[in-house]
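Protein chains: 2
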Amino acid sequence: MATIKDVAELAGVSIATVSRVVKGNGNVSPKTAAKVTSAIKQLNYHPNALARQLKHQCTNNIIIIIPDISNTFFHEILHGIEETAERNDMHILIADMHNKTSIEEYYLRALMQKEVDGIISFSANVAQQLLKQAANDFPLVIACQYLDNIDIPSITIDNVAAAKEICNHLIASGKKNIAHLTALPNFLLYQDRLDGYTASLRENGLDFRAGLIRYCSPNIKSGYEQTLSLLDSGIYFDSIFAAGDTMAIGAIRALKERGISIPDECAVAGFDDIEMSSLIDPPLTTIRQPKYQIGCDAMNMLISLIRGSHIAKRNIVAEHQLVIRQSSCSVN
Amino acid sequence: MATIKDVAELAGVSIATVSRVVKGNGNVSPKTAAKVTSAIKQLNYHPNALARQLKHQCTNNIIIIIPDISNTFFHEILHGIEETAERNDMHILIADMHNKTSIEEYYLRALMQKEVDGIISFSANVAQQLLKQAANDFPLVIACQYLDNIDIPSITIDNVAAAKEICNHLIASGKKNIAHLTALPNFLLYQDRLDGYTASLRENGLDFRAGLIRYCSPNIKSGYEQTLSLLDSGIYFDSIFAAGDTMAIGAIRALKERGISIPDECAVAGFDDIEMSSLIDPPLTTIRQPKYQIGCDAMNMLISLIRGSHIAKRNIVAEHQLVIRQSSCSVN
DNA sequence: AAACAAAATGTAAACGTTTACAAAAAAGAA
DNA sequence: TTCTTTTTTGTAAACGTTTACATTTTGTTT
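So the sequence lines, in the order shown, correspond to chains A and B.
No gaps in the numbering here: position 175 of the first sequence is 156 in the numbering used here, and each next residue is one more.
No gaps in the numbering here: position 285 of the second sequence is 266 in the numbering used here, and each next residue is one more.
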C-alpha cells in the first residue's frame, strides 16, 4: 500500500503538497500538480480514510440500527432517512440486529468510540444505563420505540392511543370478543399497544380475558400459527387485533384456511400499514404510521445533534392514522 | 472527550500503562490497574476506535452492498452472511444502494481507502475499471451478479441454465406462447435470464416475439402494471415467465383481477423463490436459489481474501433448483 | 535592478492509539 | 546482603493524514 510519503518521494515534493493536490483546493502550481497526479497514478495511491477521519474527528458515516431487516415496516422509513442523509452529505449504513441485542450494544459502543458520527436506533433493547450514557455525550436518536421516562432524543407515534383507536373501531363495528396477537414484550411498544387494547376494553365496559392474548414473533408465520392455536383452543372470539401487520396477515391466512369469513365471522385489524396490507385479500384495516416522514424527522434530528445546533423538540410524537379496509368492515 | 493522555495524567501513570489496562491482557499490577480503572470511570473515557484501527490497519467491519433492501430476496442471504461473520468476529453493515450506483461507487472507494476490511456486493453496476481495480488489491466478492469475463471472486447460480429449465418446464406443460417480464438490463443477470428464455424457445422450435417481452422494475407493482398492459395489448400469450418472483406476483394479481384462470388459461413462473411465493394463491412455480448457502459461501470467501489465505475456487457456481407449484401445473 | 506582494512549497506538530525496547522495581536465590 | 531473574512501568517511534506557520519562489511595481 502506497502512502502519501511514497507519493511525495516519487514526485519530489513534500507530503503537504501531495495532501493539497489530493484535497484539490490548495494553492499548487499546475506543474507540481501534474507531477503529483502522475505519481499517484503510478503508485495506485489511495488516501487512508482512517487517518483522515482521525485528523478530522468525524467520519460522515451514520448507522441505523434495525431490529430485523426483513420486517418491511422499516423499508419506507429507511427511504426517508436515506434521502435526508444524502441531502446532507452523510452516508448511512444499516446494522441488522437480527433481534440480537449484542449487536445493538456493539454499535452503541462504536458510537462512543467515535467510529461513527451518529446513530438512529429502532431498538432500545439494551441496558438503560448504556443508552443513557450514549445519548448523553453522543448523537443518538431512538425511533419508534417508547422509552420509560429517560430523556433521549426520540420520535414515535402514540402507540397507546392508536391501539385504543383501532380497538374502539372494532367494538363500534359490533365486535365484543377481541383476541390480541402481540409480540414478546421486550419491546415496550408492544406493551403500549397491549395497554391501548385493555384501555379500549375497559372504556367500553368489556372484560379483559387473558386467554385471548397470544404471543407471537412479529412475522407472518407466527401470526398464522398462533391464530390456528387460538382457533383450536375453543375460546370464542369474533375479531383479532394484531399488534403488527405481519402477524395480522398470518391470522388472515389461518382464518381463510379454516373457512371463517372475514370480517363477518371474524374481523381482523393490524398495525403499521406495510405495503402488503393493502394488497392482500381482504385488504387489512390497520394503523398507518407516517413512515417516510418519521425517517426524515429522525435524520434531521440526528443531524442537528451532530452539528450541535439547537433542537426544538427532543421528543417528537408523529401523527398516526386509522385506515379502515375490508378486513374489519364489509361495507367500506 | 477524554483521551488516553488525560487518563494517564489523572492516574499518574504513562499512556502505555493505560493502554495495557484497557486492552486487558498486559502485565500490570493490581494496584495500578485499579488506579487506572478509576480514572477511566471518572473521566468517562472511551478509547478512540479510529486511532486504534489506524494503528492496527484493520477495522473488522465489512460492508454488504445491496441494490434494494426491500427486495426480500436478499434477506435470507443476509442471514447466511451474518451468521458466518459472527462466527469470525467480523461485523457487517449493510449499504442500501436504493438502486443508485453512486452509492456502490462510494463504498468501493471506501474499501480502497481502507475504511473497511472487505465488501460483498450484490451489485456490479459501476465502471468495470473501478471494480477490477478494487478487486485487484482489496477483499471484494461479487455475489448473484454475472460479470463479463473479468476475474473477480464471485458466487452466482447459472442464470442462463435456470431460466432455460423453467421455460422448458412451461413448454413441456403445453404452453407455446410465453411472455417474459424482465427488468432493465443494467444488471447482467436479467440479460442472462432473457438469454435462457430465448435459448429455450429456440431449442423447442418456437419463435421469439419481441412483443412478448416487457421491461419492469423488479417489484410487485411494476409486474402488475406491465401484465395489465400486456393483456390490453391484445397479443396472445398462455404463460408468463417473470425474471423475478416479485414481478410474477404482480402478474398473478393482474391475471386474477381480469378473471383469467391460473394456470389453465395462463401459467405463471417466477425466479428466486422468495418467502411470499409459497404463500400466495396459487403458489408460484419458480427457481430456488440456495440463498442461505450463498450468503455463507460469499462470506467465507471474503474472509479468506482478508486473511490472505488461498482460495480454492474464485468463481463459485451454486446449484439452483426448479420448484414446481400450482401456478404452472393444475395437478401437482 | 531593487523592493515588495503574492503564490507556492516545506517543516513540523498535531490527531489518539499501540508496541518494541529500555529502564526500573520487585521477588527469589545464593 | 548481593546477584539474578521476573514483573512492572516508561519512553518514544510508529500508523497516515491535515494544517498552521515559516520559508522560498515567482511575479509585479518602481
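Heads up, the beta-carbon is just placed ideally off N, CA and C, and yes, glycines get one too.
All values reported here derive from a predicted model rather than from experimental measurement.
Output the distance between the C-alpha atoms of residue i and residue j, rounded to the nearest integer angstrom.
i, j, result
"Gly289/B", "Gly99/B", "12 Å"
"Asp188/B", "Ala180/B", "11 Å"
"Ile152/A", "Glu238/A", "25 Å"
"Asn42/B", "Met71/B", "6 Å"
"Ala299/A", "Gly(-7)/A", "59 Å"
"Ala287/B", "Pro134/B", "As written in the sequence, residue 287/B is Ile, which differs from the Ala given in the question. The straight-line gap from Cα to Cα measures roughly 12 Å."
"Leu59/B", "Asn281/A", "29 Å"
"Ala164/A", "Ser51/A", "16 Å"
"Ser311/B", "Pro263/B", "10 Å"
"His27/A", "Arg33/A", "12 Å"
"Glu96/A", "Arg90/A", "9 Å"
"Ser210/A", "Cys197/A", "11 Å"
"Met93/A", "Asp118/A", "8 Å"
"Asn140/B", "Asp278/A", "42 Å"
"His37/A", "Ala15/A", "27 Å"
"Ile297/A", "Ile136/A", "5 Å"
"Ser309/A", "Asn130/A", "35 Å"
"Ser104/A", "Gly231/B", "33 Å"
List the residues of chain A that residue i touches, going by C-beta distances under 8 Å, in chain order.
i, result
"Met93/B", "His27"
"His56/B", "Ile50, Ser51"
"Leu74/B", "Ile44, Leu74, Ile75, Ala76"
Using three-state DSSP, classify residue i as helix, strand or coil.
i, result
"Gly99/B", "strand"
"Ser154/A", "coil"
"Leu128/B", "coil"
"Ala293/B", "coil"
"His72/A", "strand"
"Asn106/B", "coil"
"Ile(-4)/B", "helix"
"Ile21/B", "helix"
"Val122/B", "strand"
"Ser135/A", "strand"
"Asp173/A", "helix"
"Leu209/B", "helix"
"Gln274/B", "helix"
"Ile255/B", "coil"
"Val3/A", "helix"
"Gly204/A", "helix"
"Val9/A", "coil"
Give the residues of chain B in contact with residue i, contact being defined as C-beta atoms less than 7 Å apart.
i, result
"Thr53/A", "Ser51"
"Leu31/A", "Leu31, Gln34, Leu35, Lys95, Glu96"
"Leu236/A", "Ordered by position in chain B, no residue passes the 7 Å Cβ test against Leu236/A, which lies about 14 Å from the chain."
Would you give the residue range spanned by the beta strand (DSSP E) that residue i belongs to?
i, result
"Arg269/B", "267 to 269"
"Leu333/B", "One cannot answer for residue 333/B here, as it falls past the ends of chain B, which runs -18 to 313."
"Phe189/B", "Note, Phe189/B: premise wrong, no beta strand (DSSP E); not H, not E."
"Val249/B", "248 to 250"
"Thr53/B", "Element bounds for Thr53/B: n/a, residue is neither H nor E."
"Ser242/A", "Where Ser242/A is concerned, there is no enclosing beta strand (DSSP E), given that its DSSP letter is neither H nor E."
Mind pulling the chain B residues with CB within less than 9 Å of residue i?
i, result
"Tyr171/A", "What Tyr171/A touches in chain B: nothing, since even the nearest Cβ is about 22 Å away."
"Leu303/A", "Within chain B, no residue comes near Leu303/A; the closest Cβ sits about 24 Å away, beyond 9 Å."
"Leu59/A", "Ile50, Ser51, Asp77, His79"
"Tyr87/A", "His72"
Would you say residue i touches the ligand ATP, meaning its beta carbon is less than 7 Å from a heavy atom?
i, result
"Leu89/B", "Looking at this structure, you won't find the ligand ATP or any other ligand, since it has none at all."
Determine the chain A residues that contact residue i at a beta-carbon separation under 9 Å, and present them in chain order.
i, result
"Glu206/B", "Near Glu206/B there are no residues of chain A at all, since even the closest Cβ is about 13 Å away, more than 9 Å."
Taking DSSP's pairing of strands, which residues face residue i in a bridge?
i, result
"Gln302/B", "Arg269/B"
"Cys197/B", "Ala164/B"
"Phe222/A", "His161/A, Ala250/A"
"Asp77/B", "Ile47/B"
Provide the residue span of the alpha helix (DSSP H) that contains residue i, from first to last.
i, result
"Ala(-8)/B", "-15 to -8"
"Thr82/A", "82 to 93"
"Ala30/B", "30 to 37"
"Ile46/B", "Careful: Ile46/B lies outside any alpha helix (DSSP H), inside the beta strand (DSSP E) at 42 to 47."
Check the Cβ of residue i against every Cβ in chain B and list those closer than 8 Å, keeping chain order.
i, result
"Glu63/A", "Asp77, His79"
"Leu24/A", "Per Cβ cutoff of 8 Å: no residues; Leu24/A is ~12 Å from chain B at best."
"Tyr273/A", "Those do not exist, as Tyr273/A stays about 13 Å from chain B at its closest Cβ, beyond 8 Å."
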